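Structure first, commentary second.
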Amino acid sequence: MRQIGVVMQDNVVIQVDNVNKRFKTYETKGRGIVASLFRKQYFKKALTNVSFSVKGGELAALLGRNGSGKSTMIKILMGILFPDSGRARVLGMDPWKDRIKLASQIGVVLGAHSQLYWNLPAIDTFEFMRHIHHIPESMFRKRLKYFVKALNLEKVYKRQARQLSLGEQMKCNFVASVLHAPRIVFLDEPTIGVDLPSKLALRKVILEMQSQGTTFVLTTHIVEDIMIAQRVIILDKGRKMFDGKREELEKLFGDKRHVDIFFTPGSRINFSRFGRILNSENGFVRLEIEKEGIKSKKFMELLGNDDILDYKITDPGMNYVLSKLFKSYDRRKANKEMD
Amino acid sequence: MCSQNCLSHTTGEKQIRKWIEPMRTQFRKLEEYYAVFLASLKSSMHYKTDIALSLIFRISTALLLIFVWTVIFASSGANSLNGLTLPFVYAYFFLVAAMSLFISSEVHITMQDDIREGTIASSLVRPVNYITQLVLNSFGDMFIFIIFIGIPILIIGLLLAHVSVSPTTALLFVGEIILGNIFLFILMFLIGMAAIYFTHIWGLSWVAYAVIGLLGGAVLPLNFYPSAVQNIIFLTPMPMVFYTPISTLLGTISMQSAANSMIVTLLWIIPFAALVSYLWNRARKNITSAGG
Amino acid sequence: MFDQIKENIMYLLISQKYKWLSFLTYRLQAFVWIVASSFNVIYPLVTITVIYSISSGIAGWSYYQLIFLAATASAAMGMAWYFADASNIIDGLLYGSADKIFTRPYGLLTLLMVEYGDVIAAPTIIGAIALMAFAALHLQLSAQLLLYYLVLLSLGTIAYAMFLLMLTALAYKYFRRGTFIWRMVNFIGEASNYPISAYGFVVAGLFSTVIPIGFAYYYPSVLLFGGFNATLFYGSAVFCIAISVACYKAFYLLMRSYTSAKG
């Protein structure tokens with residue numbers, strides 16, 4: 295398979311410079327065609343002066359809430375949308391103009407839309423992909439064997455796609471998108487609704503592919519998903535808020551954990567002994583504690599207390615991360631759950 | 080609190096209470112029905128331009144047929160064909176356009192969506208019976224269409240044929256429409272139930288529409304078919320959907336034939352309804368026991 | 513350039529295999545669909561037969577000629593439907609499911625045609641051809657005129673398909689809804705059972721210009737039955753090509769507004 299495209303200086307494969315993108319949206323009073331002719335037009339700025347670069351073999355995570363522009367950004371890189379101003383270059387090429395040329399070099403996994411033919415077993419879709427991308431037979435067999443084993447698809451890939459669980463579908467969708475050994479793989483919210491074992495299996499495969507030089511760009515609003523990324527780029531309301539190594543980000547929200555505790559109302563437990571109280575109501579308290587604190591004997595005893603009815607431990611979530619990044623955020627917003 | 084003069088302990092009051100309670104529950108039922116009806120009415124109101132478009136296209140199709148039939152009559156130099164004169168043919172197709180609004184009942188679509196998305200489970204436990212919900216919903220949808228499209232087209236059609244309608248005819252017409260729509264509803268409901276077993280029922284509903292169109296008199300007035308074919312068609316309830324009501328209104332069918340048609344339709348509806356009822360109860364058990 | 517065209521054709525052909533496999537997975541449903549699709553041909557057959565049994569039909573057209581005409585229309589519209597199903601396309605664009613195909617190495621038009629073309633159009637096309645063959649047996653058709661007929665039929669069908677695609681992109685960009693498209697297609701389907709000369713000047717004009725369906729079924733048939741007319745043939749051919757190119761360009765221009773489902 296011919297390799298085309300240019301790797302730029304410093305092994306940069308994706309270069310985004312001052313990209314701006316806005317969308318025309320409409321406010322229509324009432325519905326129907328006549329109403330839509332008399333609607334109010336206004337512009338929604340999806341991306342404002344976003345710049346970043348990704349090096350070959352890196353795994354970059356585009357993190358952000360819904361509406362942050364991350365999907366728009368990745369679609370620009372996929373060549374589905376084009377920027378109003380600024381440049382996006384993938385392997386030295388304009389993804390919009392050279393979409394067809396680039397297609398053989400990139401793989402795309404859209405969490406919301408599967409490439410699988412519903413009525414057919416996944417293997418049929420794989421064969422279809424083989425034809426589309428002109429994958430040589432031997433390479434196809436080899437890669438298929440690898441993925442089936444690595445992602446536990448033995449019993450799955452010959453069954454009708456419609457009957458598969460969400461996790462199985464996602465894994466098959468992933469395979470279909472990377473069979474042609476692309477140099478860059480874009481994943482747009484791939485883990486929505488997927489069970490944990492499938493997520494873990496996928497992570498392992500991604501890491502292995504990375505070690506062979508494949509670059510990954512992943513968008514997500516789930517903070518936990520960035521654990522395999524080296525680079526994290528956070529977007530909010532169309533602007534870049536953070537661009538750096540994952541470890542730097544972790545230092546920012548300091549490896550904290552949030553614990554939601556439901557307890558018998560009127561209990562005498564003094565929760566502030568165990569961590570910082572973020573939110574409290576009758577019978578409910580949300581604590582912020584250090585990651586190591588979760589394992590402490592003190593904490594274990596708390597959870598074993600008779601007054602504790604139920605508890606949930608989560609990572610702080612997107613809002614929390616953002617609030618750490620911008621002191622101006624409302625306390626209220628920081629304590630709300632993820633969109 | 081009851082004072083000494085309070086009447087609530089008298090048996091008279093108790094009797095009246097016994098009367099009022101059941102009426103109250105019925106009243107509540109009616110309120111619920113009204114709520115469902117109103118809701119679907121409101122959602123149809125949003126699609127004012129859809130209504131306008133629907134009107135334009137239906138009238139356009141009717142106009143096309145007017146052109147064609149004018150040419151056909153002119154080519155033959157005939158005044159009437161199989162008993163229908165040209166003005167009546169015009170009127171016929173206009174009335175078909177008006178009545179085709181009933182046939183666009185979306186019962187089966189609603190059911191398919193409900194079954195696909197599992198919302199049927201919650202619909203089944205609502206206080207209002209699922210079937211009643213469907214009926215009210217489709218009625219609410221149709222109501223607007225009937226008022227803004229059906230009646231104007233109907234009037235145009237009647238004017239074209241210079242037909243005046245007597246009260247008896249009008250009454251008969253309404254009766255026939257009701258019968259025809261009951262049959263249609265049952266048929267569409269059956270198709271909707273197929274959504275439990277098929278993933279898509281579009282094919283089935285398309286076939287149903289096509290057959291109803293051909294045999295029900297929507298594509299051509301049944302007068303034009305060879306009499307042998309007509310005899311067979313009249314053994315089915317199909318004509319009641321378009322042909323019989325329209326012909327009653329236009330006066331091109333005898334009272335006797337109309338009455339016969341109604342009886343035949345009724346004879347079909349009763350066993351059909353029983354069958355559907357039985358199948359539906361069985362299906363309901365399956366849906367609720369499967370747990371969505 | 514030709515390599516790309518070859519690639520596109522190969523992609524088109526390969527996808528047919530999988531689309532049909534997918535369609536035939538559920539036998540009973542597939543059968544029902546096939547029956548339903550055949551009604552597109554049964555309708556004109558029944559209608560025209562009945563008309564000619566009670567009258568002398570439409571002046572200037574014999575029974576078999578009219579059957580041939582209506583069948584031609586069904587075949588042309590069926591072809592457009594098989595490759596350029598407007599309703600499917602606009603649904604895909606509106607729900608963003610078109611995103612997943614844009615990263616395949618083929619042109620935009622090819623991608624949409626392949627992904628959203630409807631295999632259920634096939635029984636309509638086959639039925640229409642069968643009907644044409646049936647009518648042809650009773651007609652004295654000259655091979656030479658048949659050739660002109662086929663050429664114009666092809667050009668007209670392409671023009672009509674391009675027109676539909678452009679309309680789809682238009683509906684997407686300006687209205688974000690596609691309901692009026694299938695209403696219009698139904699309307700055209702009804703109208704194309706009969707010669708456009710039966711309709712008034714306005715409608716006939718409409719179908720000979722803005723909506724190029726007339727060139728897909730009526731004018732080819734006129735040539736076939738009425739004898740060769742150079743102005744008609746070459747004029748129509750040029751017009752069809754012009755419309756196809758114009759709609760093609762307009763389509764691409766309008767599609768630049770594709771924003772994908774989420775803003």
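Protein chains in written order, with my numbering: chain A, 295 to 633; chain B, 80 to 371; chain C, 513 to 775.
Glycine included, C-beta positions come from ideal geometry on N, C-alpha and C.
Note that the structure is predicted; figures quoted are calculated from it, not measured.
The alpha helix (DSSP H) enclosing tyrosine 555/C, as first and last residue numbers: Its alpha helix (DSSP H) spans residues 539-566.
Contact under 8 Å by Cβ, asparagine 698/C with alanine 582/C: Using a Cβ distance threshold of 8 Å, asparagine 698/C and alanine 582/C do not count as a contacting pair.
Min CB distance asparagine 161/B to chain C below 8 Å: Interface flag for asparagine 161/B against chain C is set, since a Cβ pair is found closer than 8 Å.
Span of the beta strand (DSSP E) around serine 379/A: Per DSSP, the continuous beta strand (DSSP E) segment holding serine 379/A begins and ends at 379-384.
is_contact[serine 568/C, chain A] using C-beta, thresh 8 Å: Not closer than 8 Å to any Cβ of chain A, the Cβ of serine 568/C fails to qualify, so no.
Cut-off 8 Å between Cβ atoms - residues of its own chain near threonine 391/B, not counting five sequence neighbours on either side: Only positions 80 to 371 of chain B appear in this structure, which leaves residue 391/B out of reach.
Cβ of tyrosine 411/A within 8 Å of any chain C Cβ: Using a Cβ-Cβ cut-off of 8 Å, tyrosine 411/A counts as an interface residue toward chain C, since at least one Cβ of chain C sits closer than that to its own.
Cutoff 8 Å: phenylalanine 551/C Cβ touching any chain B Cβ: True, the Cβ-Cβ gap to chain B drops below 8 Å.
The region 661-670 of chain C in contact with the region 622-632 of chain C per 3-pair CB rule at 8 Å: Three or more Cβ pairs closer than 8 Å define a contact, and the region 661-670 of chain C falls short of that threshold against the region 622-632 of chain C.
Of the listed residues Thr508/A, Asp530/A and Gln504/A, nearest to threonine 514/A (C-alpha basis): Comparing alpha carbon positions, the residue from Thr508/A, Asp530/A and Gln504/A closest to threonine 514/A is Asp530/A.
Proximal residues of chain D, C-beta to C-beta of tyrosine 686/C below 8 Å: Chain labels in this structure do not include chain D; the protein chains are A, B and C.
Arginine 616/C in three-state terms, based on DSSP: In the structure shown, arginine 616/C sits in coil (DSSP, three-state: anything other than H, G, I, E or B).
Range covered by the beta strand (DSSP E) that runs through phenylalanine 480/A: Looking at the DSSP string, the run of the beta strand (DSSP E) that includes phenylalanine 480/A is 478-482.
Buried or exposed (CB count within 10 angstroms, at least 16 for buried), arginine 107/B: So arginine 107/B counts as exposed.
Contact the region 466-481 of chain A vs the region 493-512 of chain A: 3+ CB pairs below 8 Å: Contact holds: three or more Cβ-Cβ distances are below 8 Å.
Residue burial classification, glutamate 255/B (beta-carbon count within 10 angstroms, cutoff 16): It is buried - the Cβ of glutamate 255/B has at least 16 other Cβ atoms within 10 Å.
Residues near methionine 678/C by beta carbon distance below 6 Å, same chain, minus five either side: These residues qualify, in order along the chain: Cys759, Ala762 and Phe763.
Cut-off 6 Å between Cβ atoms - residues of its own chain near tyrosine 169/B, not counting five sequence neighbours on either side: Excluding residues within five positions, the ones whose Cβ falls inside 6 Å are Ile145 and Leu239.
Exposure label - aspartate 418/A; buried when at least 16 CB within 10 Å: It counts as buried.
Neighbourhood of asparagine 467/A by C-beta distance below 7 Å, restricted to the same chain and skipping five residues each side: If we look at asparagine 467/A and ignore the five residues flanking it on each side, its Cβ neighbours are Val403, Ser408, Gln409 and Leu410.
Where arginine 625/A sits in the DSSP three-state scheme: At arginine 625/A the pLDDT is 41, less than 50, meaning the model places this residue with poor confidence; the figure from the coordinates comes in the next sentence. Residue state, collapsed to three classes: helix.
Glycine 778/C: contacting residues in chain A (beta-carbon distance under 8 Å): Summary: the structure shown does not reach residue 778/C, with chain C confined to residues 513 through 775, and so no result is reported for it.
Min CB distance leucine 540/C to chain A below 8 Å: Not closer than 8 Å to any Cβ of chain A, the Cβ of leucine 540/C fails to qualify, so no.
Beta-carbon spacing of isoleucine 280/B, alanine 289/B below 8 Å: Contact flag unset, no.
Contacting residues, own chain, Cβ-Cβ under 8 Å from glycine 538/A (five flanking each side not counted): So the qualifying residues of the chain are Arg525 and Val526.
Distance, isoleucine 570/C Cα to isoleucine 151/B Cα: One C-alpha to the other measures close to 5 Å.
Contact set between tyrosine 169/B and chain C, taken where Cβ atoms lie within less than 9 Å: Listed along chain C is no residue with a C-beta nearer than 9 Å to that of tyrosine 169/B; the closest approach is about 15 Å.
Spatial neighbours of serine 527/C in its chain, beta-carbon cut-off 7 Å, leaving aside the 5 residues before and after: Within its own chain, the residues whose Cβ lies closer than 7 Å to the Cβ of serine 527/C, once the five positions on either side in sequence are excluded, are Val626, listed in chain order.
Where alanine 354/A falls: helix, strand or coil (DSSP): The three-state secondary structure of alanine 354/A, taken from DSSP, is strand.
Strand pairing of asparagine 314/A, partner residues [DSSP]: Asparagine 314/A pairs with Ser379/A.
Coarse secondary structure for valine 402/A, derived from DSSP in three states: Residue state for valine 402/A is assigned as strand, using DSSP reduced to three classes.
Cβ-Cβ distance between threonine 636/C and leucine 375/A below 8 Å: No.
Proximity below 8 Å, CB of leucine 165/B to CB of tryptophan 148/B: Cβ distance < 8 Å, so leucine 165/B and tryptophan 148/B count as in contact.
For serine 574/A, three-class secondary structure by DSSP: In the structure shown, serine 574/A sits in a strand (DSSP, three-state: E or B).
Close-in-space but distant-in-sequence residues of the same chain around phenylalanine 277/B (CB under 8 Å, 5 per side omitted): Leaving aside the five residues that flank phenylalanine 277/B on each side, the residues in its chain whose CB is nearer than 8 Å to its CB run, in chain order, Leu283.
Helix, strand or coil at aspartate 554/A [DSSP, three-state]: If DSSP states are grouped into helix, strand and coil, aspartate 554/A belongs with the strands.
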